[in-house]
Amino acid sequence: MTGDVAIVNIFRHHAWVTSGGTYHHGDLRAALLEAALEVLAERGLAGLSLRECARRADVSHAAPYRHFADKDALVAAIAELGFARLARAGIAAMEGAVGPRDRLDAYGVAYVRFAVDHPELFRVMFTCEVDPSTSGPDGARAFDLLLECATALSGAEDPMTSAIAAWSLPHGVAMLLLDQRIPKERATTPEAAESLCREIFARWRGVLG
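Quick note on numbering: our numbering labels position 66 of the sequence shown as 66, and the sequence is numbered without any gaps.
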C-alpha cells in the first residue's frame with residue numbers, strides 16, 4: 001500500500017490538473033509559454049493574462065502560478081524565450097557565411113526578419129518592463145553573437161563599442177519597419193523587408209567598414 005501511495009505522489013508531482021479536473025503528463029511551463037506566444041501574437045501585450053494562458057493550455061486558473069508569480073514574471077520568461085529563438089536564428093543565418101563582415105550582415109538580416117515575423121514578441125523583448133541585460137544566458141548569447149563578429153572584424157580595439165554599432169543598424173531598421181516608418185511599397189512582405197535589409201547593409205558598412 002505504501003508503494004502505491006508513493007507512485008501516486010510521484011505521478012501528481014509530474015503532472016498538472018486540467019480545467020476539467022483530470023491529470024496530464026507534460027511540461028506545464030513550456031505549454032503555458034506556447035499559449036502565451038499565441039495570445040501575444042493575437043492580442044498584444046495588453047491582452048496577455050495568466051488566466052487566458054491557462055485556458056488555452058487547458059489547465060486550472062491556479063496552475064500557472066506554479067511557474068510564474070504574476071504577469072511580469074510571465075513576460076520576462078517570454079522575453080527570455082524570444083532571445084533564445086533570436087540567437088538560434090542568428091546562428092542558422094551565419095552558417096556558411098565567409099568572413100566576419102558577411103557573418104555580421106547575415107545575422108543582421110536574420111535579426112530584422114525575426115522582428116518582422118514576430119513583431120509582438122520582438123517588442124516584448126525590448127519593452128521597458130524587461131531588461132535585456134538581465135534576461136539570462138539566452139539574452140546574453142544573442143548579443144554575444146554580435147560581439148564575436150565585431151571583435152573578429154575590428155580586432156581588440158574596443159569591440160564592445162563595435163558590437164553596439166553593429167547592433168544599432170539592424171535594430172533601427174527593425175523598429176522602423178514595425179512602426180511603419182518605411183514606405184509600405186519598400187516592404188510589402190517579410191521577404192521584401194529582408195531584401196530591403198540586405199540592400200541597406202550592402203550600401204552602408206557603418207563604422208566597422
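Quick reminder that beta carbons are idealized off the backbone N, C-alpha and C, glycines included.
Label residue 227 either buried or exposed according to how many other C-beta atoms from any shown protein chain fall within 10 Å of its C-beta, with 16 as the threshold for buried.
An answer regarding residue 227 cannot be provided, because it is not within the stretch 1 to 209 covered by the chain.
Chain-order list of residues whose beta-carbon lies under 8 Å from that of residue 194 (same chain, five-residue window excluded):
Excluding residues within five positions, the ones whose Cβ falls inside 8 Å are 109, 112, 113 and 116.
Please report the distance separating the alpha-carbon of residue 24 from that of residue 199.
In this prediction, residue 24 scores a pLDDT of 49, lower than 50, which makes its location untrustworthy; no coordinate-derived value is stated.
Looking at the unbroken alpha helix (DSSP H) that takes in residue 167, where does it start and where does it end?
Boundaries of the alpha helix (DSSP H) around residue 167: 159-178.
Residue 113 in three-state terms, based on DSSP
Residue 113: helix per DSSP, three-state reduction.
Contact set for residue 100: own chain, Cβ-Cβ below 7 Å, skip 5 residues either direction:
Within its own chain, the residues whose Cβ lies closer than 7 Å to the Cβ of residue 100, once the five positions on either side in sequence are excluded, are 149, 152 and 153, listed in chain order.
Which of the three DSSP states, helix, strand or coil, is assigned to residue 82?
In the structure shown, residue 82 sits in a helix (DSSP, three-state: H, G or I).
Ignore the nearest five residues each way along the sequence and tell me which others in residue 52's own chain have a CB closer than 7 Å to its CB.
Cβ neighbours of residue 52 beyond the five flanking positions: 39.
What residue does the alpha helix (DSSP H) around residue 195 start on, and which one ends it?
It spans 190-203 - the alpha helix (DSSP H) in which residue 195 sits, taken as one unbroken run.
Buried or exposed for residue 90, going by 16 or more other Cβ atoms inside 10 Å?
Note on residue 90: 16 or more other CB atoms within 10 angstroms of its CB, so buried under the neighbour-count rule.
Need the endpoints of the alpha helix (DSSP H) that residue 42 sits in, please.
In the DSSP annotation of this structure, the continuous segment of the alpha helix (DSSP H) that includes residue 42 starts and ends at 28-43.
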